[in-house]
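Student:
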Amino acid sequence: MTDPQIVLTERVQQALADAFGSEYADADPLIRPSQFADFQANVAMSLAKRLRRAPREVAEALKTELSDFPGTVEVSGPGFLNITLNDSWIAAEASRMLKDARLGVTTVTPAQTVVIDYSAPNAAKEMHVGHLRTTIVGDSLARLHEHLGNKVIRQNHLGDWGTPFGMLIEHLLDIGEEAAVAQLEAGQGTEYYQAARAKFDGDESFKLRSRVRVTTLQSGDPETMRLWHVFMDATVRYFNKVYTMLGVTLTDADIAGESMYNPMLEKTCDDLETAGVAVLSEGALCVFPPGFTGSDDKPLPLIVRKSDGGYGYASTDMAAIRYRVHDLKADRMLYVVGADQALHFRMVFAAAKLAEWLPDSVSAEHVQIGMMLGKDGRRFKTRSGESVKLTDLLDEAVERASALLEDRGYDETTRAEIAQAVGMGAVKYADLSVSHDSEYVFDFDRMLAFTGNTAPYLQYAQARIRSIFRKGEVDPVAAIGSIEIGHEAERELALQLLGFGAVVEQTTLLSEPHRLANYVYATATAFTTFFENCPVLKEGVDPETRASRLALCALTLRVLETGLDLLGVPVPERM
Ligand code: ARG
Numbered sequence: 000m001t002d003p004q005i006v007l008t009e010r011v012q013q014a015l016a017d018a019f020g021s022e023y024a025d026a027d028p029l030i031r032p033s034q035f036a037d038f039q040a041n042v043a044m045s046l047a048k049r050l051r052r053a054p055r056e057v058a059e060a061l062k063t064e065l066s067d068f069p070g071t072v073e074v075s076g077p078g079f080l081n082i083t084l085n086d087s088w089i090a091a092e093a094s095r096m097l098k099d100a101r102l103g104v105t106t107v108t109p110a111q112t113v114v115i116d117y118s119a120p121n122a123a124k125e126m127h128v129g130h131l132r133t134t135i136v137g138d139s140l141a142r143l144h145e146h147l148g149n150k151v152i153r154q155n156h157l158g159d160w161g162t163p164f165g166m167l168i169e170h171l172l173d174i175g176e177e178a179a180v181a182q183l184e185a186g187q188g189t190e191y192y193q194a195a196r197a198k199f200d201g202d203e204s205f206k207l208r209s210r211v212r213v214t215t216l217q218s219g220d221p222e223t224m225r226l227w228h229v230f231m232d233a234t235v236r237y238f239n240k241v242y243t244m245l246g247v248t249l250t251d252a253d254i255a256g257e258s259m260y261n262p263m264l265e266k267t268c269d270d271l272e273t274a275g276v277a278v279l280s281e282g283a284l285c286v287f288p289p290g291f292t293g294s295d296d297k298p299l300p301l302i303v304r305k306s307d308g309g310y311g312y313a314s315t316d317m318a319a320i321r322y323r324v325h326d327l328k329a330d331r332m333l334y335v336v337g338a339d340q341a342l343h344f345r346m347v348f349a350a351a352k353l354a355e356w357l358p359d360s361v362s363a364e365h366v367q368i369g370m371m372l373g374k375d376g377r378r379f380k381t382r383s384g385e386s387v388k389l390t391d392l393l394d395e396a397v398e399r400a401s402a403l404l405e406d407r408g409y410d411e412t413t414r415a416e417i418a419q420a421v422g423m424g425a426v427k428y429a430d431l432s433v434s435h436d437s438e439y440v441f442d443f444d445r446m447l448a449f450t451g452n453t454a455p456y457l458q459y460a461q462a463r464i465r466s467i468f469r470k471g472e473v474d475p476v477a478a479i480g481s482i483e484i485g486h487e488a489e490r491e492l493a494l495q496l497l498g499f500g501a502v503v504e505q506t507t508l509l510s511e512p513h514r515l516a517n518y519v520y521a522t523a524t525a526f527t528t529f530f531e532n533c534p535v536l537k538e539g540v541d542p543e544t545r546a547s548r549l550a551l552c553a554l555t556l557r558v559l560e561t562g563l564d565l566l567g568v569p570v571p572e573r574m
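If you read the sequence shown in numbering that gives the first Met the number 0, its first letter stands for residue 0, the second for the next number, and so on.
#1: What residue range does the alpha helix (DSSP H) around R51 cover?
#2: Could you check whether L65 and A14 sit closer than 8 Å to each other, using their CB atoms as the reference points?
#3: Closer than 7 Å to a non-hydrogen atom of the ligand ARG - does that hold for the CB of G293?
#4: V558 and F468: beta carbons closer than 8 Å?
#5: Mapping DSSP to helix, strand and coil, what is Y242?
#6: Assign K62 to buried or exposed, taking buried as 16 or more other Cβ atoms, counted over all protein chains shown, within 10 Å of its Cβ.
#7: Does DSSP put N627 in a helix, in a strand, or in coil?
#8: Would you say the beta carbon of Y334 comes nearer than 7 Å to a heavy atom of the ligand ARG?
#9: If I measure Cβ to Cβ from R210 and keep anything under 7 Å in the same chain, skipping five residues before and after, which residues do I get?
#10: When DSSP labels each residue in this structure, what does N261 get in the three-state scheme?
#11: Between the Cα of M371 and those of R399, F348, E355 and D339, spot the shortest distance and give me the residue it belongs to.
#12: Measure from the alpha carbon of Y237 to the alpha carbon of each residue in E491, A179 and L301, then state which is nearest.
#13: Quick one: what's G158 bridged to in DSSP?
#14: Please classify D159: is it buried, with 16 or more other beta-carbons within 10 angstroms of its beta-carbon, or exposed?
#15: Are V128 and V421 touching if we call contact CB-CB under 8 Å?
#16: Measure the alpha-carbon distance for S547 versus D2 and round it to whole angstroms.
#17: Given 7 Å as the limit, tell me if A592 has its C-beta closer than that to any heavy atom belonging to the ligand ARG.
#18: Since G424 contacts P542 with CB under 8 Å, what's their CB separation in whole angstroms?
#19: Using a threshold of 7 Å, is the CB atom of P569 nearer than that to any non-hydrogen atom of the ligand ARG?
#20: Could you give the distance in angstroms between the alpha-carbon of L549 and the alpha-carbon of I89?
#21: Any heavy atom of the ligand ARG within a distance shorter than 7 Å of the CB on D2?
#22: Quick check on this structure: which residue in S437, P54 and Y459 has the alpha carbon closest to the alpha carbon of T133?
#23: Who does A277 pair with in a DSSP beta bridge?
#24: What are the start and end residues of the alpha helix (DSSP H) that includes E589?
#25: Quick one: is the Cβ of H435 within less than 7 Å of any heavy atom of the ligand ARG?
#26: Whose CA, out of P32, M574 and L84, lies closest to the CA of T413?
#27: Where does the unbroken beta strand (DSSP E) through T83 begin, and where does it stop?
#28: Excluding five sequence neighbours on each side, which residues of the same chain lie with their C-beta closer than 8 Å to the C-beta of I254?
#29: Which residue comes first and which comes last in the beta strand (DSSP E) that contains F38?
#30: Can S306 and G282 be called in contact, C-beta distance under 8 Å?
#31: Do G337 and the ligand ARG come close, with the Cβ less than 7 Å from some heavy atom?
#32: Can you list, in chain order, the residues of its chain whose CB lies under 7 Å from that of N85, leaving out five sequence neighbours each side?
#33: State the Cα-Cα distance for the pair A277 and I152, rounded to the nearest angstrom.
#34: If I'm right that D116 touches Y334 with Cβ under 8 Å, what's the distance once you round it to whole angstroms?
#35: Taking the straight line between their C-alpha atoms, what separation do you get for V213 and H130?
#36: Using a threshold of 7 Å, is the CB atom of P163 nearer than that to any non-hydrogen atom of the ligand ARG?
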């Protein structure tokens with residue numbers, strides 16, 4: 000681990016133990032970036048009381064212990080320790096990182112089994128922008144965990160079951176399989192749903208047929224099941240179109256929709272009831288996890304079986320959590336789902352605890368996804384008020400990217416090559432660069448800008464580094480000379496690069512891709528400053544400096560590429 004902040008934390012902890020006793024070895028030294036040095040440690044102030052000494056005195060004692068530290072340590076103000084690393088240390092660590100295929104990212108031992116529930120659109124309704132965000136954030140988390148060596152089990156909890164399927168299947172019979180399949184594959188699930196709904200509301204005989212169909216579906220009648228498959232397969236083909244456009248790693252093998260849990264629901268409810276965890280209330284089987292009350296102060300129920308005997312969203316999630324812990328052997332479960340479902344998940348987790356289906360050794364976490372807003376600050380919709388069709392939105396992103404590239408003077412061949420990556424990268428990065436639980440405004444102009452914290456800026460930054468190697472006719476992989484620090488901008492860039500491993504680990508631990516996004520952006524910015532100040536290929540640059548700078552370029556390129564890849568943002572070779 001080369002991250003300076005972590006190295007410093009360990010060194011200052013050692014100094015604390017040496018100066019004041021081993022009971023201080025685990026104290027947080029409070030290392031923070033500093034305006035006056037590389038870092039400052041604020042621990043002298045926080046520990047002074049406990050040590051019954053003046054903070055400055057504590058700081059002086061630590062400074063003495065740190066006399067062999069590869070840098071300078073100064074006491075300032077009320078007791079800050081200002082710490083500046085030696086250039087030679089930074090250079091040596093950066094040179095070491097260059098030879099490390101994992102760029103300072105350690106693998107988790109022992110590996111964890113991480114179940115990630117994400118995307119999960121509903122059949123027969125258009126996959127909407129909200130699902131876009133859960134898909135993109137979830138996919139990045141899956142990539143991150145895999146990179147750390149964890150075993151990732153993706154679970155696409157499709158909404159593929161329920162009473163609406165009665166009318167959806169009857170509508171399919173009315174319009175014919177072929178026409179239905181064509182419509183669903185084209186992503187017109189919403190129109191399909193609305194047509195079925197209109198008949199259901201206006202046509203008594205259709206309504207009756209639909210109700211009967213729900214029963215035959217639930218009883219597993221083979222012909223009805225076949226029709227359900229026809230419907231679902233066409234719908235999934237559309238979802239897959241969206242995943243392919245986005246470059247999302249979900250496949251059919253990851254589908255674990257609501258219907259998958261049907262055979263488990265009865266036992267799920269019986270077991271909850273037998274254990275006394277669920278009780279009958281007004282005919283419905285409910286769990287009342289402690290601590291949940293409604294506005295009237297009455298205990299809030301999690302309904303696992305409705306009074307008509309039917310099962311719903313909560314029943315499925317109770318079966319799913321048991322399956323994931325017991326069968327999939329999850330150590331960690333992430334539910335990447337809209338923030339508006341926070342209460343549902345808190346109750347499901349609490350109910351699973353009550354049932355002893357969720358041991359303390361397994362963590363269940365709702366990664367809350369904030370709402371996507373339009374430029375008017377309201378929920379994102381088209382002007383006519385309908386929700387936006389996803390493939391249209393993604394097509395528009397690529398068209399706009401292409402227009403933007405044309406404005407910037409790219410020829411047609413290049414545009415055709417990279418517009419896809421720029422458009423999809425922009426949409427994805429916009430989702431990833433803000434914290435996942437904040438609402439955010441979907442704005443093409445902002446996400447497609449070439450300046451600022453955007454995908455095009457970052458894609459351009461990495462492509463520019465590649466062009467340095469093309470011009471210099473050097474292989475970036477072979478550029479593994481050693482890194483020397485001669486200029487302030489080299490120092491800043493190297494220090495920034497050393498933080499990669501720690502950021503990847505933190506991002507994964509906290510399920511917050513925006514941390515990695517911000518790091519990648521800061522790295523690109525540090526590179527820009529370096530490149531403006533430190534010529535690499537220019538004549539007159541001596542061979543050693545040139546080799547060192549090429550090595551810095553190579554390391555930056557690998558960090559940017561790996562970082563963007565972990566976010567799922569595509570990187571065009573040239574730009
Ligand atoms: N289909 C749901 C929706 O669109 C999301 C499902 C999330 N996963 C779960 N296990 N409940 O809101």
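Note that CB positions come from ideal geometry on N, CA and C, so glycine has one too.
Tutor: Inspection of the coordinates gives the following:
#1: DSSP places R51 in no alpha helix (DSSP H); its state is neither H nor E.
#2: In this structure, the beta-carbon distance from A14 to L65 falls below 8 Å.
#3: no
#4: no
#5: DSSP places Y242 in helix when its eight states are reduced to three.
#6: buried
#7: Coverage of the chain is limited to positions 0 through 574, which leaves residue 627 absent and any answer about it impossible.
#8: yes
#9: So the list reads G165, once near-sequence residues are dropped.
#10: helix
#11: D339
#12: A179
#13: N121
#14: Burial state of D159 is buried, judged by a 10 Å Cβ sphere holding 16 or more other Cβ atoms.
#15: no
#16: 20 Å
#17: Summary: the structure shown does not reach residue 592, with the chain confined to residues 0 through 574, and so no result is reported for it.
#18: Beta-carbon to beta-carbon, G424 and P542 are separated by about 36 Å, too far to satisfy the 8 Å threshold.
#19: no
#20: 16 Å
#21: no
#22: Closest by alpha carbon: S437.
#23: V286
#24: The displayed coordinates of the chain run from 0 to 574. Any statement about residue 589 would go beyond what the structure contains.
#25: no
#26: Per the Cα distances, M574.
#27: Per DSSP, the unbroken beta strand (DSSP E) holding T83 starts and ends at F79 to L84.
#28: Cβ within range, chain order: N155, L157 and V235.
#29: F38 to A40
#30: yes
#31: G337: yes, Cβ under 7 Å from the ligand ARG.
#32: P69 and G70
#33: 29 Å
#34: 5 Å
#35: 27 Å
#36: It does not: the Cβ of P163 is nowhere closer than 7 Å to a heavy atom of the ligand ARG.
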